[in-house]
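Working notes for the structure below.
Residue numbers (our numbering): 11 to 156.
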């Protein structure tokens, strides 16, 4: 079981709030030996900024607000949960991630898409946006998102 340090719930609500500019958060382990996660960063720069905070030798969980839609009337905030396991993460940490995600989901409850990523290539803007658009349901823009 993972422990959450600090006010993770407040950071989560900040990302969820359309009235604040914060659109992502990152939960990282406080060290290599313990199973304690804390919010290490938040930001307003979307997926690209979140991606720039991921480290090859760290495991982490990210939460992201994306505004998507076919036109101004259909634009909606949708949320993405990212489970990050960098390519240089130690074996024991990797093994625990699948268990720890359940504990993270007890706080980060609302998301349209869950993405498991082990390289930055897994988090390309176009690919994640397409997943979110597909999760929205009906697509009325001439099927531009194939």
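For every residue, glycine included, the Cβ atom is placed at its ideal position computed from N, Cα and C. Being a predicted model, the structure only gives us computed values, none of them experimental.
Check, Outcome
"Where residue 25 falls: helix, strand or coil (DSSP)", "helix"
"Simplified DSSP assignment, three categories, for residue 16", "coil"
"DSSP state of residue 145 mapped onto helix, strand, coil", "helix"
"Buried/exposed call for residue 38, threshold 16 Cβ in 10 Å", "buried"
"Euclidean distance between Cα positions of residue 93 and residue 75", "15 Å"
"Three-state secondary structure (DSSP) of residue 50", "strand"
"Limits of the unbroken alpha helix (DSSP H) element including residue 107", "101–115"
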